[in-house]
Each structure stands twice: as structure tokens, then as C-alpha cells.
Amino acid sequence: MSFIALPKRLRDFGLLGINQRNADFIMRHNQRKLYPLVDNKLHTKRLALAQGIAVPELYGVIEAQYQTKTISEILGKHRDFVIKPAHGSGGNGILVITGCMGDYFQKANGELLSLDSIRHHISNILSGTYSLSGVADQAIIEYRVKFDPVFEDISYRGVPDIRVIVFRGVPVAAMMRLPTRLSDGKANLHQGAMGMGIDLATGISCGGVLRNQPCTVHPDTRESIMGITIPHWNNILHLATQCADTVQLGYLGADIVMDRELGPLMLELNARPGLSVQLANQRGLLDNLQAIEALKFIPEDVNARVALSQQLSSQHPNAGGVENPASVETP
Ligand SMILES: Nc1ncnc2c1ncn2[C@@H]1O[C@H](COP(=O)(O)OP(=O)(O)O)[C@@H](O)[C@H]1O
Ligand SMILES: [Mg+2]
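Start counting the sequence shown at 707; every next residue gets the next number (this note's numbering).
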């Protein structure tokens, strides 16, 4: 996120910069030894399952080149699925297959792939093409989440995810990330997805960001993204809070998706979540972070922490997001 490009008034809104995020929150509250738990999606998934946290079903894992032959067996009857690198980030290397046409598999953007191309993709994942440090990787094959129809008008052929920032076990900010034509079924802002700020207290959308610029209309569907109520909001905050307890990271980004039948599922966790959530909400993170840092006592009970987060957020002078959405640019 470019600081220079930010509207001046955001700087008055307790904006957290990248250096302060790293020094005061990530380095101080996240123990390095815990990073491998979240930097490997397979570890995170297994940990979550052990704690009873709902995640997309794992169909299989491919760890060595010779195993790419087994992909048909792993897929079995599944005609839609997702393949992703265990060490990936930013949506890189994620293949969302939405169905089959004859012998071909269809990607979220409509493109058709042969089984050989899928094997080739897996082979690239294994050789580390998409892994954080370029080291050999594993390919995860999992259930494709089907989005809730409530998001149909604000999502282009993909599953939106909800990023919740959790500090000391208390949610401090949230945004939904909406796939666009450009992002090819993925909800990562770096792939061209749109960020939609969500008011923690109400679960209602209150602003948006596209390519680092404020925006209140989905670029492909042209629908307004303002004033949308996220279903099961309290369950989502509850799940994000449980995720933080599971990995014991003090400062964390939990990515949650809403499946139309299964409800909220944890997709992945991030030890170094980005700062665009501030632009999406037109509100800085610092006020909430500092309020929580000052607390001598944080309740153990998950519901009490969710209530605390909602109470803090509703006390903020900019609660509910931008005062005048009409003044927001809509490229
Ligand atoms: N199982 C899935 N079903 C549907 N879409 C998925 C699935 N897994 C990932 N995606 C899409 O890809 C995006 C990025 O996935 P994620 O697991 O968070 O990896 P990354 O670390 O690369 O961000 C998600 O926000 C979602 O839009
Ligand atoms: Mg992600």
C-alpha cells in the first residue's frame, strides 16, 4: 500500500504504517518459531482440524514428482476442486477448477485445461515455483468452496474471502475481498481482487478499495458494494478468534470463506497480514490496536472477546466507515 497515495484524512485516522506494523506488532507479538505453522497451509489445516475448526475438505496431497500420476485417483468423482501450493501466498499458483467438459477441466475464468496441463501445474508447484522461498513444495488438492448467493452481485466467478485481523486474540478490523475478472477466481488484492471494508460491530460493508484507490462499485458487475450485510457475522468473528488461539500468534490475519452449505470455513492464516484493510475501511488500525495493547486483562472466553472487539469498534469516531460514501471515487 502506498502511503503517499493515501487521502490526507486517513492519516488522521490512526493509520498503521509497515515499519510500525513490523516493529511494534509482528516482531513483538509473533514468535518466529510459530511461523512454520501458518506458512505451510497443510500444517495449518491439520492443526485446525485437530482443534475442531471447520476447513475445506482435503482430497489429497502430492509431495513428489512421481505422485503426479495419482491425480486421477485423488480426484476420484470430484469434478470441481482447488489445487494450491502449501507454501504459496498472494494467490500465486492456485488453480480453481469449477467443472469438467469432456476430458477437459474448466478454470474459474472459463479456460479449459487437459489432465496433462494439471499434472504440469502440480509439477511446477512441487519444484517450488510458487513457494515463499523457492524451496520444494507440496500440492494440496481440496474441496472448492461454493459462495453464498448473497455475494453473487459483488463477486466475479470466484469465492470472496473475509480477512479478519486479530490482535491478542481480539478482532480489530475486517474486510471482504471480492474476486474480479482480473483475479481469476481468487480473492487476493495482488491478483486484482477488490477489498470491501466491514464494520466489526454490525457486519455491514462500509467502503472499498481497488488497486489501492477508494472505490464503492464492483469493477465487473457494476453493483454497489456499500451497505451489504454479511450473514453469520458473529460466527465469522468467533471463528477468527478461535484461529488465533489455535496458533498462538499475537498479531494475525485469518482468511475465512463462507460456503453456501457448510457456512464459515477457515482458509488460511497469515503472520504478516497486509495493511490494505485500512483503506477498505477508510479507517486506521492503530486506535483499536492501542486500545487492546493497553488492556491489562483479556477475557479467555471467545464470545467475550468478540463482544469486546465489537464494543471497541462501535466507540470509534469513524464507526460505520466513511461518512459520505458519495464522495468516494468509483473508477
Ligand atoms: N478451496 C477453495 N475454494 C474456492 N476458492 C479458493 C479455495 N482456496 C483458495 N481459493 C481462492 O483463492 C484465494 C487465495 O487462497 P488462499 O488459500 O488464501 O491462498 P494465498 O495464501 O495464496 O492467499 C482465496 O481467497 C479464494 O478466493
Ligand atoms: Mg490468502
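Here a beta-carbon is modelled for each residue, glycine too, at the ideal position from N, C-alpha and C.
Q. When burial is assigned at 16 or more other CB atoms within 10 Å of the CB, is E974 buried or exposed?
A. Residue numbering aside, residue 974 sits at position 268 when the sequence shown is read from its first letter. E974 comes out buried.
Q: Report whether the distance from the Cβ of V815 to the nearest heavy atom of ligand 1 is below 6 Å.
A: Counted from its first residue, the sequence shown places residue 815 at position 109. The residue asked about is misnamed: residue 815 is Asn in this sequence, not Val. No, Cβ of N815 sits at least 6 Å from all heavy atoms of ligand 1.
Q.
Taking a contact to mean a Cβ-Cβ separation below 7 Å, would you say L995 touches V872 in this structure?
A. Translated into positions along the sequence shown, residue 995 becomes position 289. Translated into positions along the sequence shown, residue 872 becomes position 166. Cβ distance not < 7 Å, so L995 and V872 don't count as in contact.
**Q.** Through-space distance from G796 to N894, alpha-carbon basis
**A.** As a first step, residue 894 must be located in the sequence shown, where it is residue number 188. As a first step, residue 796 must be located in the sequence shown, where it is residue number 90. The straight-line gap from Cα to Cα measures roughly 6 Å.
**Q.** Contact between the region 936-943 and the region 730-740 (3+ Cβ pairs under 8 Å)
**A.** no
Q: Return the CA-CA distance between M882 and L888, expressed in angstroms with no decimal places.
A: As a position in the sequence shown, residue 882 is number 176, starting the count at 1. As a position in the sequence shown, residue 888 is number 182, starting the count at 1. Rounded to whole angstroms, M882 to L888 spans 17 Å at the Cα level.
Q: Over the uninterrupted alpha helix (DSSP H) stretch that includes T750, give me the two end residues.
A: Residue mapping note: residue 750 aligns to position 44 of the sequence shown, counting from 1. For T750, the enclosing alpha helix (DSSP H) stretches over residues K747 to A756.
Q) Excluding the five sequence neighbours on either side, which residues of its own chain have a C-beta within less than 7 Å of the C-beta of F853, listed in chain order? A) Taking the sequence shown and counting its residues from 1, one reaches residue 853 at position 147. Counting only Cβ-Cβ distances below 7 Å, and skipping sequence neighbours, we find S861, V865, P866, M964 and R966.
Q: With distances taken Cα to Cα, identify the nearest neighbour of G758 among M972, S1019, L1001 and H827.
A: Taking the sequence shown and counting its residues from 1, one reaches residue 758 at position 52. When only C-alpha atoms are compared, the closest one is M972.
Q.
Tell me the DSSP secondary structure of I824 in three-state form.
A. Walking along the sequence shown from the start, residue 824 turns up at place 118. Three-state result, I824: helix.
Q | Burial state of E817, where buried means 16 or more other Cβ atoms lie within 10 Å | A | Translated into positions along the sequence shown, residue 817 becomes position 111. Answer is exposed; the Cβ neighbour count stays below 16.
Q: Kindly confirm or deny that the region 786-802 and the region 743-750 touch, where touching means at least three C-beta pairs closer than 8 Å.
A: yes
Q) Can you tell which of L821, N918 and N1009 has the C-alpha that lies nearest to the C-alpha of G980? A) For this step, residue 980 is matched to residue 274 along the sequence shown. Among L821, N918 and N1009, the Cα nearest to that of G980 is on N918.
Q) Going by beta carbon distance, what residues of the same chain come within less than 6 Å of G766, once the five residues before and after it are set aside? A) Along the sequence shown, read from residue 1 onward, the residue named residue 766 stands at position 60. Only I780 and I847 meet the Cβ criterion.
(Q) For Y741 and A977, I'd like the C-alpha separation in whole angstroms. (A) Looking up residue 741 in the sequence shown gives position 35. Looking up residue 977 in the sequence shown gives position 271. Cα to Cα, Y741 sits roughly 7 Å from A977.
Q. So what does DSSP say about N976, is it helix, strand or coil?
A. Stepping through the sequence shown from its first residue, residue 976 is reached at position 270. Three-state DSSP puts N976 in a strand.
Q: Spatial neighbours of A1032 within its chain, please: CB distance less than 7 Å, with the 5 preceding and 5 following residues excluded, ordered by chain position.
A: As a working mapping, residue 1032 is identified with position 326 in the sequence shown. Reliability fails at A1032, whose pLDDT of 34 lies under 50, so the model's placement of it is uncertain and the value that follows must be treated cautiously. In its own chain, leaving out the 5 sequence neighbours on each side, no residue places its CB closer than 7 Å to the CB of A1032.
**Q.** Cβ-based neighbour list, L985, same chain, cut-off 6 Å, excluding 5 preceding and 5 following
**A.** The count along the sequence shown starts at 1 and reaches residue 985 at position 279. V915.
Q: For F709, count neighbouring Cβ atoms within 10 angstroms of its own Cβ and tell me buried if that reaches 16, exposed if not.
A: Working through the sequence shown from its first residue, we reach residue 709 at position 3. Residue confidence is low: F709 scores 43 on pLDDT, short of 50, so the model does not pin down where it sits. Its coordinate-derived value is still stated next. Exposed, by the Cβ-count rule.
Q.
Can you tell me whether F1003 is helix, strand or coil according to DSSP?
A. Counting from one through the sequence shown, the residue named residue 1003 turns up at place 297. Under the three-state reduction of DSSP, F1003 is assigned to coil, being neither helix nor strand.
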